[in-house]
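Below is one structure, written out as structure tokens, with a few remarks after it.
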Amino acid sequence: MDADSTARYERQLAWIMLAAFVLLFVPAWFARGPWHVDDLRYVEAARQMGEYGDWLVPRLNGDVYGEKPPGYSWAICLIHFLTGTSYLVSGRIVATLSALFTGLMLVHLGRVLFGQRTYGWLAAGFFWTFVFILDRGTRSLIDSFLLMWTTLGVLTMLRAALAENWRGRIGWIAATVGALGYGCVVKGPVALVIPVLGALALGFTWRGRRGISFSAIGIGALAGGGFTLLWLWLASLQVGDWYLQRLLIDQSADRTTAQAHHAEPAWFYLGVILPVALPWIVFLPGAVRAAWKMRNSPPARAALGAFAWALVILVFFSVISGKRSGYVLPLFAPLALGLAWGVARMQVLNDRWLKWPMAVMVRIGPVGGALLAVAALLLALIPGGALARIPGDAGELLRGIDAAGLGILIGGGVFAGLWGAMLLSLSRRPRTEAGVLLLMVPLIGIFHAALQLSVIPAMDAPRSAATFGQAVNRNWNRDEPLVVLGPQKDGIVTYYCDIQSVELVLEAPSEREPDKRVITDLTGPLWVVTLRKDWTDLPEDFRARFHESAAADFNSKEYVLLHRR
360 MDADSTARYE
370 RQLAWIMLAA
380 FVLLFVPAWF
390 ARGPWHVDDL
400 RYVEAARQMG
410 EYGDWLVPRL
420 NGDVYGEKPP
430 GYSWAICLIH
440 FLTGTSYLVS
450 GRIVATLSAL
460 FTGLMLVHLG
470 RVLFGQRTYG
480 WLAAGFFWTF
490 VFILDRGTRS
500 LIDSFLLMWT
510 TLGVLTMLRA
520 ALAENWRGRI
530 GWIAATVGAL
540 GYGCVVKGPV
550 ALVIPVLGAL
560 ALGFTWRGRR
570 GISFSAIGIG
580 ALAGGGFTLL
590 WLWLASLQVG
600 DWYLQRLLID
610 QSADRTTAQA
620 HHAEPAWFYL
630 GVILPVALPW
640 IVFLPGAVRA
650 AWKMRNSPPA
660 RAALGAFAWA
670 LVILVFFSVI
680 SGKRSGYVLP
690 LFAPLALGLA
700 WGVARMQVLN
710 DRWLKWPMAV
720 MVRIGPVGGA
730 LLAVAALLLA
740 LIPGGALARI
750 PGDAGELLRG
760 IDAAGLGILI
770 GGGVFAGLWG
780 AMLLSLSRRP
790 RTEAGVLLLM
800 VPLIGIFHAA
810 LQLSVIPAMD
820 APRSAATFGQ
830 AVNRNWNRDE
840 PLVVLGPQKD
850 GIVTYYCDIQ
860 SVELVLEAPS
870 EREPDKRVIT
880 DLTGPLWVVT
890 LRKDWTDLPE
900 DFRARFHESA
910 AADFNSKEYV
920 LLHRR
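Just add 359 to wherever you are in the sequence shown, counting from 1, and you've got the working numbering.
The structure is reproduced here in structure tokens:
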């Protein structure tokens with residue numbers, strides 16, 4: 360193609376992929392409440408910052424929240440003030456925008472590493488449709504936001520290495536300082552380690568020493584780390600030296616030891632990554648083989664560099680003792696880059712390790728679409744009495760899908776089936792593999808949007824913190840005291856009742872917490888929020904004076920609201 364045709368093709372591709380992105384992520388903003396403790400905890404820390412004005416130190420239940428720096432809370436507050444949406448939705452918008460910008464960075468890296476934006480758009484499509492990214496990019500969690508900053512750090516350090524002189528390099532070094540500095544204020548020192556390791560692995564594998572800018576790495580790490588230390592010093596002046604100890608030692612250094620929280624064996628992430636990297640992980644063996652066979656060409660070395668970038672992140676987090684699934688999210692951006700280049704070689708290499716996954720995937724669309732439409736149609740035809748006899752969670756889910764949801768499922772299934780049939784027909788033509796895979800991204804978007812608009816709302820009530828939080832807000836008489844027995848219940852009470860703090864009480868006196876009152880010492884009218892298992896541990900004669908006003912499950916625990924007149 361000539362330059363004009365290429366530019367026109369890339370513009371059309373951009374519009375298709377951005378439309379697919381909207382289908383993939385936006386419907387999830389309003390589909391459900393928070394289903395996990397962390398979804399609400401981070402949002403409540405941001406709400407307390409935005410509503411009560413302490414912009415330097417995050418707080419939870421009015422007390423200093425010493426688990427994370429304030430960078431993520433700043434972003435949620437900014438989106439809340441710009442859009443007017445709730446803090447929960449604002450947190451999801453932050454995660455979605457982070458996924459969007461990370462995908463666009465992959466588009467840029469596709470042009471830098473492989474010479475074509477088409478590779479970058481394919482990588483962005485793969486990235487956006489990984490199961491893990493669809494999950495973390497639609498939830499109010501810190502992981503997607505950190506991923507954006509670490510990817511930006513790798514990109515800026517690579518561009519600094521490619522600059523021909525200091526005049527061209529200085530701007531990229533400044534951008535590196537910003538990326539590493541803000542990343543540290545989001546997650547701590549790990550936001551320095553991840554991009555530095557990624558930049559070293561990618562740059563050296565691709566271009567050797569010429570692919571690495573030690574000045575960008577050194578200046579970026581020192582200046583970015585210095586910015587973080589400045590913030591920590593100011594925060595410690597406000598709340599005490601223990602805060603510095605908590606973030607630098609307890610939340611960072613101790614995570615590398617065997618005594619760390621969330622300690623797991625070294626092979627932990629192998630079982631985590633495989634299912635959440637679907638559907639594109641099936642191309643990994645063929646993509647790595649293709650890059651190794653063609654390793655003498657610069658684009659193939661760039662693809663190997665992307666795989667090396669992902670590998671060093673996996674090794675780093677496998678070595679440290681503290682492990683959680685979200686820690687390895689930053690490896691999914693380079694993984695998408697390497698896979699995109701590898702599958703684009705399918706038409707050249709005719710490798711069976713690339714061909715058979717392609718043959719399977721193009722058949723999933725029409726079959727899945729047809730099954731979805733038929734299942735929804737059958738559900739619409741089943742009498743209500745028959746649905747009422749279906750036991751357990753399955754029956755509750757099926758009864759929860761309303762007529763509009765069934766219509767969405769039928770329409771989405773039909774459209775997905777037709778789209779999939781078109782791709783199946785197109786895949787039989789020669790040299791169309793990359794185009795077919797690109798068009799599978801909107802197909803996944805159709806499926807995902809249909810589920811978010813129909814099935815997920817039907818699953819929400821018995822799983823969401825909103826069910827219990829809204830019940831507390833609705834029932835609690837504000838003229839009477841409300842206490843929480845045990846630790847602050849994950850921000851539920853303060854978030855949904857729109858208050859700064861609630862008194863925490865104990866089951867029995869504690870030398871560790873001498874300032875807290877014991878619940879059995881409290882007299883008069885009283886509202887209590889607690890877990891049912893904690894409530895049943897109290898004396899029966901004390902419990903007999905209360906009646907239950909609300910109860911709901913959240914995060915695999917049963918919460919109860921009790922009232923004594």
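Even for Gly, the Cβ is constructed at its ideal location relative to N, Cα and C.
The model shown is predicted, which means the values in this text are computed figures rather than measured ones.
Check whether A558 and I529 have beta carbons under 8 Å apart: The residue labelled residue 558 in the question sits at position 199 within the sequence shown. The residue labelled residue 529 in the question sits at position 170 within the sequence shown. In this structure, I529 does not lie closer than 8 Å to A558 by Cβ.
Of the listed residues L863, L596, G728 and L920, nearest to L810 (C-alpha basis): Numbered from 1 along the sequence shown, position 451 holds the residue referred to as residue 810. Cα-wise, what sits closest to L810 is G728.
Span of the alpha helix (DSSP H) around W835: Within the sequence shown, residue 835 is the residue found at index 476, counting from 1. From DSSP, W835 is part of no alpha helix (DSSP H); its letter is neither H nor E.
Straight-line gap, I672 to L663 (C-alpha atoms, nearest Å): Reading the sequence shown from its first residue, position 313 is the one you call residue 672. Reading the sequence shown from its first residue, position 304 is the one you call residue 663. Approximately 14 Å between the Cα atoms of the pair.
Paired residues, beta bridge with E917 - DSSP: As a working mapping, residue 917 is identified with position 558 in the sequence shown. D912.
Sequence-distant residues of the same chain with beta carbon closer than 6 Å to A718, five excluded per side: Position 359 of the sequence shown, counted from the first residue, corresponds to residue 718. In its chain, beyond the 5 residues on either side, no residue has a beta carbon closer than 6 Å to the beta carbon of A718.
Terminal residues of the alpha helix (DSSP H) in which W778 lies: Position 419 of the sequence shown, counted from the first residue, corresponds to residue 778. According to the DSSP assignment, W778 belongs to the alpha helix (DSSP H) that extends over A762 to S786.
Three CB pairs or more closer than 8 Å across the region 848-866 and the region 781-791: Between the region 848-866 and the region 781-791, the count of C-beta pairs closer than 8 Å stays below three; the two stretches do not touch.
Local Cβ density within 10 Å of L415, reported as buried at 16 or more and exposed below that: As a position in the sequence shown, residue 415 is number 56, starting the count at 1. Exposed, because fewer than 16 other Cβ atoms sit within 10 Å of the Cβ of L415.
Buried versus exposed call for N836 [16 or more other C-beta atoms within 10 Å across all chains shown]: Locating residue 836 in the sequence shown gives position 477, where the first residue counts as 1. Exposed: under 16 other Cβ atoms inside 10 Å.
W414 in three-state terms, based on DSSP: As a working note, residue 414 is residue 55 in the sequence shown. Here W414 sits in coil by DSSP.
Limits of the unbroken beta strand (DSSP E) element including W886: Counting from 1 along the sequence shown, the entry for residue 886 is found at position 527. Counting along the chain, the beta strand (DSSP E) containing W886 begins and ends at L885 to L890.
Reduced DSSP secondary structure (H/G/I, E/B, other) of E792: Reading the sequence shown from its first residue, position 433 is the one you call residue 792. Three-state DSSP puts E792 in a helix.
Runs of alpha helix (DSSP H) wholly within the region 470-546 (minimum 4 residues, chain order): Those alpha helix (DSSP H) runs which fall completely within the region 470-546 and span 4+ residues are 476-488, 490-495, 502-521 and 525-546.
Start-to-end residues for the beta strand (DSSP E) that takes in V864: Residue mapping note: residue 864 aligns to position 505 of the sequence shown, counting from 1. Boundaries of the beta strand (DSSP E) around V864: E862 to V864.
Bridge partner(s) assigned by DSSP for L897: Stepping through the sequence shown from its first residue, residue 897 is reached at position 538. Within the DSSP bridge table, the entry for L897 names no partner.
Residues that DSSP places opposite L844 in a beta bridge: For this step, residue 844 is matched to residue 485 along the sequence shown. Per DSSP, the beta-bridge partners of L844 are V864.
Length of the line joining the Cα atoms of L785 and T365: Locating residue 785 in the sequence shown gives position 426, where the first residue counts as 1. Locating residue 365 in the sequence shown gives position 6, where the first residue counts as 1. Going from the Cα of L785 to the Cα of T365 covers about 21 Å.
Identity of the residues DSSP links to D422 by a beta bridge: Your numbering for residue 422 matches position 63 in the sequence shown. The bridge partners DSSP lists for D422 are L419.
Bounding residues of the alpha helix (DSSP H) (the contiguous stretch that carries H395): Counting from 1 along the sequence shown, the entry for residue 395 is found at position 36. Counting along the chain, H395 falls outside any alpha helix (DSSP H), and DSSP gives it neither H nor E.
Backbone CA spacing between L588 and Y602 [nearest angstrom]: For this step, residue 588 is matched to residue 229 along the sequence shown. For this step, residue 602 is matched to residue 243 along the sequence shown. Rounded to whole angstroms, the gap between the alpha carbons of L588 and Y602 is 12 Å.
Cβ pair P801, A387 closer than 8 Å: Counted from its first residue, the sequence shown places residue 801 at position 442. Counted from its first residue, the sequence shown places residue 387 at position 28. No, these two residues do not count as a Cβ contact at 8 Å.
Three-way DSSP call (helix, strand, coil) for R923 in this model: On the sequence shown, position 564 is the one that residue 923 refers to. Looking at R923 - three-state DSSP - the assignment turns out to be strand.
Span separating the alpha-carbon of A560 from that of A667: Here residue 560 corresponds to residue number 201 of the sequence shown, with the count starting at 1. Here residue 667 corresponds to residue number 308 of the sequence shown, with the count starting at 1. Taking the straight line joining both Cα atoms gives about 6 Å.
Beta carbon of G697 nearer than 8 Å to that of A665: Numbered from its first residue, the sequence shown carries residue 697 at position 338. Numbered from its first residue, the sequence shown carries residue 665 at position 306. Yes.
Expected contact under 8 Å - CB spacing of E866 and D819 to nearest Å: The count along the sequence shown starts at 1 and reaches residue 866 at position 507. The count along the sequence shown starts at 1 and reaches residue 819 at position 460. Going by Cβ atoms, the distance from E866 to D819 rounds to 32 Å, so no, they are not a contact pair.
Where the alpha helix (DSSP H) containing G570 begins and where it ends: Taking the sequence shown and counting its residues from 1, the one referred to as residue 570 is at position 211. Annotation: G570 is outside any alpha helix (DSSP H) and is labelled neither H nor E by DSSP.
Same chain only: Cβ atoms within 8 Å of S574, ignoring 5 sequence neighbours per side: By 1-based counting over the sequence shown, the position of residue 574 is 215. If you ignore the 5 residues before and after S574, its C-beta comes within less than 8 Å of the C-beta of A519, R528 and I532, all in its own chain and listed in chain order.
Proximal residues to V795 (C-beta, below 7 Å), its chain only, five neighbours per side dropped: Within the sequence shown, numbered from 1, the residue matching residue 795 stands at position 436. For V795, where only same-chain residues beyond five positions count, the Cβ hits under 7 Å are V721, L782, L785 and S786.
Strand pairing of H906, partner residues [DSSP]: Position 547 of the sequence shown holds residue 906. DSSP output for H906 lists H922 as bridge partner(s).
Top-ranked residue by Cα proximity to I878, from A780, A458, D900 and L844: Taking the sequence shown and counting its residues from 1, the one referred to as residue 878 is at position 519. Considering only alpha carbons, the answer is L844.
Start and end residues, alpha helix (DSSP H) containing M653: Translated into the one-based positions of the sequence shown, residue 653 becomes position 294. Following the DSSP letters along the chain, one finds M653 in no alpha helix (DSSP H), marked with neither H nor E.
Residues near W626 in its chain [Cβ-Cβ closer than 8 Å; skip 5 each side]: Here residue 626 corresponds to residue number 267 of the sequence shown, with the count starting at 1. S677.
Residue closest to L694, alpha-carbon to alpha-carbon, out of G412, L372, G409 and W487: Within the sequence shown, numbered from 1, the residue matching residue 694 stands at position 335. Comparing C-alpha distances from L694 to each of G412, L372, G409 and W487 shows the shortest one belongs to W487.
The alpha helix (DSSP H) enclosing A390, as first and last residue numbers: Position 31 of the sequence shown, counted from the start, is the residue given in the question as residue 390. Taken as a continuous stretch (DSSP letters only), A390 belongs to no alpha helix (DSSP H), as it is neither H nor E.
C-alpha gap between R924 and S908, whole angstroms: Numbered from its first residue, the sequence shown carries residue 924 at position 565. Numbered from its first residue, the sequence shown carries residue 908 at position 549. So the alpha carbons of these two residues sit roughly 12 Å apart.
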